[in-house]
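>
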Amino acid sequence: MSRWARSPSWLLCAALLVVAGAVVLPCVEARRIVAVGDLHGDYEQSISVFRLTRLIDNRNHWIGEDTFLVQLGDILDVGPDDIRIVRLLMKLREEAQAKGGDVVELLGNHELRNFRGDYTAVDPASLAADGGQAGRDALLSNTSDVGQYLRTRKAIFRYGPFLFMHGGFSTATAGMITSLRKAEEFNVELAKALMNGTISPMARNGLDLTEDEVSDVANPILVRSILDVKCDALSKVLDKKFPGIQSVVVGHVPHDPRDFGGWRLCGGRLIDIDFGMSRWKKGDPGHVAALEIEEATWHVQLIETATPYSPVLSTKAPVEDVNTAYRLLLFSALIVAVVVGVFLVAYCIPLRATPAEQPLLGVGSNQYGAV
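Okay, structure coming up:
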């Protein structure tokens, strides 16, 4: 063994470097992607899941920093507060973008139903509050702020090795959307149709809400993935036409309320996160849950609770923001790192200048997490 390797001084310096790294590195957090399924007009459950995932404070302001929130559509209908949720997401989108994050709301089939004037699933009290059918028409038109926002949402969103959409892929879908470029083209054509009525053949498929045979449905907004799971076919489509995509994340079909564990299918290539969150659907309390993805490792986990948060009615100052505590921790860690660095410069570098202690120079030397 060389003399420098046996030296206690150099061993101390090496240990200090390890300590400095251990202190500083945990403070550098990778971006999170939080995906939330169908909300169907339940404002309190929406607040619950956004708090559970540390995206908003108790005054409903964004604290998620650079996190991306992806909501998979079907905010509208069933519950009484669907438009209230849309306005909340519009506000959170602005706040998130100011901090380097984003709120990406996707189109669901219930949004499309509303755009065509089908209000049969709208809560009667909500429809009355909107001014009846004429009022809802105006609210969702291409000239209102809410209407413009909803009509320009994407149907398919890609982040890293994940594709997010409301429904999913079928054999017919794979024949229409044959690449990531085609997926973006589908988004553009659908927005044109919803905003100015320019309906291309691709947009016509996106607006089609006809459901006959499950395997014949081409619209990725309407496909009911977990009712017709074909793992081998899905893997072949992803590997051949969507290289780099490891998982398709969908909503649309709620899980059996007696079995919330079956959210990962096909070895994780298909992930269904519709947990029936709205308590207004079938009259039963929903399950508050969201998918969390860590960008650094693409590790995927489910964040869930069976107990919804209580509604927040107070306008008093919020409890201490968790970000404040985080900043204090980061500041303290940086101070420790600076002190260690100064010690290294003052103590270790002079040792290196001593001929007797100079080391011999030797030849030195985006993974997708399990879902």
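Sequence positions in the sequence shown follow mature numbering (1 follows the signal peptide of the UniProt record, and there is no 0) and run -30 to -1, 1 to 341. No residue lacks a Cβ here, since even glycine has one placed at the ideal position from N, Cα and C.
#1: Suppose you measure from the CA of Gly221 to the CA of Glu81; what does that come to, to the nearest Å?
#2: Counting only the same chain and skipping the five closest in sequence on each side, list residues whose C-beta sits under 6 Å from that of Leu160.
#3: Need the endpoints of the beta strand (DSSP E) that Arg2 sits in, please.
#4: So, for residue 342: in the same chain, excluding its five sequence neighbours on each side, which residues have a beta-carbon less than 6 Å away from its beta-carbon?
#5: So, using beta-carbon positions, are Gly71 and Leu39 closer together than 9 Å?
#6: Starting from Val219, trace the beta strand (DSSP E) both ways and give me its first and last residue.
#7: Can you list the alpha helix (DSSP H) stretches of 4 or more residues lying completely in the segment 95 to 160, in chain order?
#8: Say whether the segment 118 to 134 touches the segment 100 to 109, bearing in mind that this needs 3 or more beta-carbon pairs closer than 8 Å, one atom from each stretch.
#9: Give me whichever residues DSSP pairs with Trp32 in a beta bridge.
#10: With H, G and I counted as helix, E and B as strand and the rest as coil, what does DSSP make of Ile191?
#11: Whole angstroms is fine: what's the gap from Ala99's alpha carbon to Ala163's?
#12: Under the DSSP definition of a beta bridge, which residues are partnered with His269?
#13: Going by the beta-carbon positions, is the gap between residue 414 and Met135 smaller than 9 Å?
#14: Measure the CB-CB distance between Gly11 and Asp47 and report whether it falls below 9 Å.
#15: Taking just the CA atoms, how far does Asp27 sit from Lys286?
#16: Taking only the alpha-carbon atoms, compute the straight-line gap between Ser284 and Ile17 and give it to the nearest angstrom.
#17: Inspect the beta-carbon positions of Leu204 and Arg239 and report whether they are closer than 9 Å.
#18: Going by CA-CA distance only, name the one from Leu9, Val199, Asp178 and Ile273 that's closest to residue 416.
#19: Identify the residues that DSSP records as bridge partners of Gln41: which are they?
#20: Check the C-beta distance from Tyr13 over to Asp51 and give it rounded, since I have them as a contact under 8 Å.
#21: Quick one: give me the first and last residue of the alpha helix (DSSP H) that Leu62 is part of.
#22: When DSSP labels each residue in this structure, what does Val19 get in the three-state scheme?
#23: Determine the burial state of Ser149: buried for a count of at least 16 other Cβ atoms within 10 Å of its Cβ, exposed for fewer.
#24: Assuming Phe139 and Val193 form a contact by the criterion Cβ under 8 Å, report the distance between their Cβ atoms to the nearest whole angstrom.
#25: Only counting the same chain, and skipping five residues up and downstream in sequence, which positions put a Cβ closer than 6 Å to that of Glu274?
#26: Suppose the cutoff is 8 Å on Cβ atoms and the five residues either side in sequence are ignored; what does the same chain contact list for Val223 look like?
#27: From the DSSP output, read off the bridge partner residues of Leu235.
#28: Flag this pair as yes or no: are the beta carbons of Gly49 and Ser248 separated by less than 9 Å?
#29: Is it buried or exposed, Gly7, if we count other Cβ atoms within 10 angstroms and call 16 or more buried?
#30: Could you please give me the residues that DSSP links to residue 381 through a beta bridge?
#31: So, for Val73: in the same chain, excluding its five sequence neighbours on each side, which residues have a beta-carbon less than 6 Å away from its beta-carbon?
#32: Once the 5 residues before and after Ser170 are set aside, which same chain residues still bring their CB inside 6 Å of it?
#33: As a quick exercise: from Leu9, Val4, Leu261 and Ala5, pick the residue whose alpha carbon is nearest that of Gly246.
#34: Alpha carbon to alpha carbon, what distance is there between Met146 and Pro288?
#35: Helix, strand or coil, according to DSSP, for Glu81 in the structure here?
#36: Verify whether the separation of the beta carbon atoms of Gly34 and Leu25 is less than 9 Å.
Taking the coordinates as given:
#1: When only Cα atoms are considered, Gly221 and Glu81 end up about 14 Å apart.
#2: Answer for Leu160: Ala125, Ala173 and Gly176, listed in chain order.
#3: Here the beta strand (DSSP E) through Arg2 covers Arg2 to Val6.
#4: Residue 342 lies beyond the stretch modelled for the chain, which goes from -30 to 341, so this question has no answer here.
#5: Taking C-beta atoms as the reference points, Gly71 and Leu39 count as a pair closer than 9 Å.
#6: Ser217 to Val220 is the span of the beta strand (DSSP E), which, as asked, contains Val219.
#7: Assignment of alpha helix (DSSP H) within the segment 95 to 160, counting only whole runs of 4 or more residues, yields 102 to 109, 115 to 121 and 141 to 146 in chain order.
#8: The segment 118 to 134 makes no contact with the segment 100 to 109: fewer than 3 CB pairs, one atom from each, lie closer than 8 Å.
#9: Bridge pairing for Trp32: Ile26 [DSSP].
#10: Reduced to three states, the DSSP call for Ile191 is coil.
#11: Rounded to the nearest whole angstrom, the CA to CA distance from Ala99 to Ala163 is 28 Å.
#12: Glu264, per the DSSP bridge assignment.
#13: What the structure shows of the chain is the stretch from -30 to 341, and residue 414 is not part of that stretch, so it cannot be assessed.
#14: The answer is yes: Cβ separation under 9 Å.
#15: Note that Lys286 scores 32 on pLDDT, short of 50, meaning its location in the model is unreliable; the coordinates nonetheless yield the value given after this. Between Lys286 and Asp27, the C-alpha separation is close to 12 Å.
#16: Because the pLDDT of Ser284 is 31, which lies under 50, any placement of that residue in the model is unreliable, and the question is left without a value.
#17: Yes.
#18: In the structure as shown, the chain begins at -30 and stops at 341. Residue 416 is therefore absent and cannot be evaluated.
#19: Answer is Val6 and Glu75.
#20: With 8 Å as the limit, Tyr13 and Asp51 qualify as a contact, their Cβ atoms being about 4 Å apart.
#21: Asp52 to Ala68 is the extent of the alpha helix (DSSP H) around Leu62.
#22: In this structure, Val19 counts as helix in the three-state DSSP scheme.
#23: When all chains shown are included, Ser149 counts as exposed.
#24: Rounded to the nearest angstrom, the Cβ distance from Phe139 to Val193 is 6 Å, consistent with a contact under 8 Å.
#25: Around Glu274: Ala259.
#26: The residues Arg194, Ser195, Ile196, Leu197, Asp242 and Asp244, in chain order, have a CB closer than 8 Å to that of Val223 in the same chain once the five nearest residues on each side in sequence are set aside.
#27: Checking the DSSP bridge columns, you'll see Leu235 partnered with Leu240.
#28: Against a cut-off of 9 Å, the Cβ pair of Ser248 and Gly49 comes out as a contact.
#29: It counts as buried.
#30: Residue 381 lies beyond the range of the chain shown here (-30 to 341); nothing can be said about it.
#31: Residues of the same chain with a CB within less than 6 Å of the CB of Val73, apart from the 5 flanking positions on each side, are Leu39, Leu59, Leu62, Arg63 and Ala66 in chain order.
#32: Excluding the 5 residues flanking it on each side, Ser170 has same chain C-beta neighbours closer than 6 Å at Glu159, in chain order.
#33: Among Leu9, Val4, Leu261 and Ala5, the Cα nearest to that of Gly246 belongs to Leu9.
#34: Confidence at Pro288 is low in this model, with a pLDDT of 35, below 50, so its placement is unreliable and the value that follows should be read with caution. So the two alpha carbons sit approximately 49 Å from each other.
#35: In this structure, DSSP gives Glu81 a helical state, which the three-state scheme calls helix.
#36: For Gly34 and Leu25, yes; Cβs fall inside 9 Å.
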